[in-house]
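Encoded as structure tokens, the structure appears first; notes follow it.
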Amino acid sequence: MKPSKAKELAGQIWRALRQPLAAAVFGLLVGAVVILACGQNPVTVYIEMFNKSFFTPYYLFSTLTRATPIIICAMATGMAWRAGYINIGVEGQMVTGTFAATVAALYIPGPPIFVGLVSWIAGMAAGALYALLPAVLNWKFQVSMVITTLMLNYVANNIASYFVTYPLKDTSGDGLALQTAEIAEGLRLTRLSSTSTFNAGFLIAAAVVLLMIFITKKTVFGYESKMGGFNSSFARYGGTKQVKVMMITMALSGAIASLAGTAEVFGLKFRYADGMLSSTNYAWTGLMAALIADLDPAGMFFVSIFLSGLQIGGSAIQRSLGIPLEIATIIQCCITLFVSVKLVFRFTRGKARREEAKGGAQA
Amino acid sequence: MLLEMKHITKVYGSLYANDDVHLTLEKGEVLAVVGENGAGKSTLMKILYGLEQPTSGEIYLNGALQRFRSPHDAIAKKIGMVQQHFMLLNPCTVAENIVYGREPKKHGLFFDREAAVRITEELCGRYGLHIDPRRRVGDCPVGLQQRVEILKVLYQDADIIIFDEPSAVLTPQEVNELLRTMRKLAEMGKSIIIITHKLHEVMAVADRVMVMRLGKYIKEMPKEETSVEEMSYLMVGRRIVERKVAPQKTTGTVLDVQDLVLAGSDEKNILDHFHLHVDGGEIVGIAGVSGNGQSELIQCLTGLLSPTSGKILLNGKDVSGQSVGQIREAGCACIPEDRYLWGCAAQATLTETAIMAHQYRPEISSKGLLSGRNTRAFTQSLLEGYDVRNSGQGQKAGELSGGNIQKLIVAREIEQKSPLLIAAEPTRGVDIGAMEFIHNKLLEKRERGDAVLLISSELTEIMSLSDRIYVIYEGRTAGEFRKEEASEESLGILMMGGKLHEAI
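Chains Z and L, in that order, are what the protein sequence lines are. Count along the first sequence from 1, add 2, and you get the number used in this note's numbering. Count along the second sequence from 1, add 3, and you get the number used in this note's numbering.
See the structure below:
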């Protein structure tokens, strides 16, 4: 790589990162005010918090384990949003896909390799189909995708809830927990650390990031969906097949979403438990990561890990310092808020510039 | 001296939009500020109207120093501006639009609609600008909408009225009407500044002309002492040669539109049995007032709309109702009429802008994978071949000036090397240099034996480039001329829905 090219790349990375970094600093400042109000010293609290999320191996592994589904959910969100389809149903697609994968793993007989493969594929297919439903409704009846994807989250959660409450409930233990039986040992993902639950799910997340980068940068589909997201009139005028692009986009988004929960079940919990994917807010944290990183795949990867670290560190300081866990949520939301300030700011500036171009101030 | 702007400098980043510019205006005078796009005329006017703050420099009214922090300040000092893009509330009536912002009140609380109508009628009478106060603005033709804008400014009691490219959207007849209005206002003691790059309008209306180029004040002179040639030389900095297009043989029909109908929401058809044909090796112009079905015609031809009935034969094959992709495949490229709506995406990079509709060519992609090296090389060839000034392929399309992004779009569409090119408003809002360049490229396309369909609201553009001209009026083919037969008057009459009595 030539030095000028390296410099250009560094400049690109800086431009991509400076806004989220500034937002993070502002978020932490707001958090500091709240910590002060709790009667604690923000500096010591933050040191403790980041120690217990990034700088000790055990907590770092916890952070990365929790980041796994968040990263994948961010990619699922980004896949749809960058093409202009506001899919906020990643949670529902994740639940549907995960539940299908778990059921397949529990009830299909055969050697582990075969069952594992079928389960993951079944999960992706279910997630993809569940994401195609709003796409088809939008195409045929112009139903707003925002509303359908949001509503279908509840549908998926409640259907899965029904199954683990009645027909597929695990009756082997005390029979009180609403959950399925455990999947077979041979299907579980490899542990990458002997002292923690850190597992190969993280590698799957990393692979999804690489896949996402490849699709967005190298494929005609990635190009067409991106242009459609920027300006759908432009894409239409250029002759792209928009219905096809929409269907592939949503199917991919749903399939990726399914991986988030499947990795959680196969790598960590080994069973589907009622509400396990919704109470943890994976999809919504992933959505925030996607927004903060402005849908850039590499950015989403790092922001997801950062948000996960905030949550892990937040619960650590609750235990050791008595600072409420909500502090982490406040910081996280403030960062998202400050980033959306940036979005609005850039929008108005862009508009001013367009008018400038029309008015003719530019040479 | 009514108004004096001294040493005005406005810097955007490293760009001097205005560089030590002077402007003076007397009472009852019409001053024309001319210059290419990007010469800084609009910036200067925005500073005067309070929309922009100068980096340095002063504004004096009747000798007193002023600071305009917003248009409110400027309006309070009796400065008004007729915007190029009308700022009107289309669902409201003319009267409501005129009094908007300073409405007459009933009992100090409620809007007094009758008083608004009275005020409007009184204004119309005083300035001799007639319009029905109760008409919905959305139903008025563009010329009347502009009149509403002017009345609005007069209602604000402006003494200085700025017109920003006022004739861009008007027919020749409407332009004449507007120029008469300006003269009349000047005689009534109003001072007028008109920004334009149409020099014959300057000659018709101005008392004094000020020329700007690249943000700098170049020269000013009384109208009597200058000429169109001198002004265009001062604006561009070089001589523009009058274009002579040699006639050439055509090579058989490429596009044949027969009996094309597009139904509207009411019983009136948007396109009403429209017909035309374009042969290889000729440029065919469509003249018409905007809103007579040109946009819909383009969208039907390119596949964005599906016509209700009729045939569109492209190289003998009926493509009506096919998708955009299929029609492009069949050999049709299109320079869209609105470059920011259809022609590009503001956030897309130049590379992404350049390869649109090229993305399936084997050179650009194979098996769904883009070739990075070839896309960059292709984009570079467009940028260099069409003189698009840029700061690298990663630059965003929205950051280019209007003329440069238009050149890139023209490049992309001409390089489709398709037998038919539809060029809709190919030079709208671009400066003289870019206009000349784009015209040359269209003529080169014609010389290669391809068919070009030119849709433009600029009659001079249509008349100088076209071999044949159709007039479109309310979606119908209102007339067809060979180049030699066409005159601005005869086209103008047909464009307004009139009939030619001394018919050919």
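Cβ coordinates follow ideal geometry from the N, Cα and C atoms, glycine included.
Pair within 8 Å by beta-carbon distance, residue i and residue j
i, j, result
"alanine 106 (chain Z)", "alanine 124 (chain Z)", "yes"
"isoleucine 250 (chain Z)", "leucine 66 (chain Z)", "no"
"methionine 81 (chain Z)", "methionine 229 (chain Z)", "no"
"alanine 489 (chain L)", "arginine 415 (chain L)", "no"
"valine 211 (chain Z)", "leucine 261 (chain Z)", "no"
"isoleucine 496 (chain L)", "glycine 291 (chain L)", "no"
"alanine 360 (chain L)", "threonine 311 (chain L)", "no"
"isoleucine 74 (chain Z)", "alanine 207 (chain Z)", "yes"
"glutamine 398 (chain L)", "threonine 352 (chain L)", "yes"
"methionine 126 (chain Z)", "leucine 279 (chain Z)", "no"
"valine 245 (chain Z)", "serine 227 (chain Z)", "no"
"serine 451 (chain L)", "glutamate 285 (chain L)", "Just to set this straight, residue 451 (chain L) is arginine in the shown sequence, not serine. No; because the gap between Cβ atoms is not below 8 Å, this pair is not in contact."
"valine 33 (chain L)", "valine 208 (chain L)", "yes"
"asparagine 295 (chain L)", "glutamate 106 (chain L)", "no"
"asparagine 377 (chain L)", "leucine 386 (chain L)", "no"
"valine 145 (chain L)", "leucine 182 (chain L)", "no"
"leucine 152 (chain Z)", "glycine 91 (chain Z)", "yes"
"tyrosine 60 (chain Z)", "serine 146 (chain Z)", "no"
"glutamate 61 (chain L)", "histidine 10 (chain L)", "yes"
"tyrosine 220 (chain L)", "valine 24 (chain L)", "yes"
Environment of residue i [buried if 16+ CB atoms lie within 10 Å]
i, result
"arginine 485 (chain L)", "exposed"
"cysteine 40 (chain Z)", "exposed"
"alanine 363 (chain Z)", "Residue confidence is low: alanine 363 (chain Z) scores 34 on pLDDT, short of 50, so the model does not pin down where it sits. Its coordinate-derived value is still stated next. Buried: at least 16 other Cβ atoms inside 10 Å."
"methionine 90 (chain L)", "exposed"
"isoleucine 134 (chain L)", "buried"
"aspartate 434 (chain L)", "buried"
"serine 459 (chain L)", "buried"
"serine 55 (chain Z)", "buried"
"serine 309 (chain L)", "exposed"
"alanine 8 (chain Z)", "exposed"
"proline 225 (chain L)", "exposed"
"methionine 48 (chain L)", "buried"
"alanine 12 (chain Z)", "exposed"
"threonine 46 (chain Z)", "exposed"
"isoleucine 258 (chain Z)", "buried"
"phenylalanine 272 (chain Z)", "buried"
Limits of the beta strand (DSSP E) - the one that residue i falls within
i, result
"threonine 480 (chain L)", "479–485"
"aspartate 76 (chain L)", "No beta strand (DSSP E) holds aspartate 76 (chain L); the alpha helix (DSSP H) holding it covers 74–79."
"lysine 314 (chain L)", "312–317"
"isoleucine 165 (chain L)", "163–167"
"threonine 27 (chain L)", "18–28"
"methionine 84 (chain L)", "82–85"
"glutamate 7 (chain L)", "6–15"
"phenylalanine 185 (chain Z)", "Residue identity check: residue 185 (chain Z) is isoleucine in the sequence provided, not phenylalanine. Here isoleucine 185 (chain Z) belongs to no beta strand (DSSP E), and DSSP marks it neither H nor E."
"glutamate 61 (chain L)", "59–64"
"alanine 202 (chain Z)", "From DSSP, alanine 202 (chain Z) is part of no beta strand (DSSP E); its letter is neither H nor E."
Closer than 7 Å: residue i CB and nearest the ligand MN heavy atom
i, result
"leucine 182 (chain L)", "This structure lacks the ligand MN; in fact it carries no ligand of any kind."
Endpoints, alpha helix (DSSP H) assigned at residue i
i, result
"serine 163 (chain Z)", "147–167"
"serine 511 (chain L)", "Residue coverage of chain L in this structure runs from 4 to 507, which leaves residue 511 (chain L) outside it and unanswerable."
"valine 287 (chain L)", "That residue, valine 287 (chain L), is in no alpha helix (DSSP H); its beta strand (DSSP E) goes 286–290."
Those residues which DSSP pairs with residue i across a bridge
i, result
"valine 281 (chain L)", "L:Leu258"
"glycine 94 (chain Z)", "Answer is none; glycine 94 (chain Z) lacks a bridge partner."
"aspartate 321 (chain L)", "L:Leu316"
"tyrosine 476 (chain L)", "L:Arg479"
"valine 214 (chain L)", "L:Val37, L:Lys222"
"arginine 364 (chain L)", "Beta-bridge pairing links arginine 364 (chain L) to no other residue."
"lysine 142 (chain Z)", "According to DSSP, lysine 142 (chain Z) bridges with nothing at all."
"threonine 221 (chain Z)", "L:Leu372"
"alanine 426 (chain L)", "L:Ile338, L:Leu457"
Three or more C-beta pairs below 8 Å linking the stretch 224–234 of chain Z and the stretch 171–178 of chain Z | no
Should the stretch 364–381 of chain L be called in touch with the stretch 331–342 of chain L, which here means at least 3 C-beta pairs below 8 Å?
-> no
Evaluate contact between the stretch 262–276 of chain Z and the stretch 309–317 of chain Z, counting only Cβ atoms and requiring at least three cross-stretch pairs below 8 Å.
-> At 8 Å Cβ cutoff, the stretches do not touch.
At least three beta-carbon pairs within less than 8 Å, the stretch 157–176 of chain L to the stretch 184–196 of chain L = yes
If you pair each beta-carbon of the stretch 108–119 of chain Z with each one of the stretch 82–92 of chain Z, do three or more pairs fall below 8 Å?
-> no
For the stretch 75–88 of chain L and the stretch 124–140 of chain L, state whether three or more C-beta atom pairs, one from each stretch, are separated by less than 8 Å.
-> no
With contact counted as at least three CB pairs below 8 Å, one residue from each stretch, are the stretch 22–35 of chain Z and the stretch 321–341 of chain Z in contact?
-> yes
State whether the stretch 148–156 of chain L contacts the stretch 61–77 of chain L, with contact taken as three or more CB pairs (one from each stretch) at a distance under 8 Å.
-> The stretch 148–156 of chain L vs the stretch 61–77 of chain L: no contact.
So, do the stretch 271–288 of chain Z and the stretch 17–25 of chain Z have three or more beta carbon pairs nearer to each other than 8 Å?
-> no
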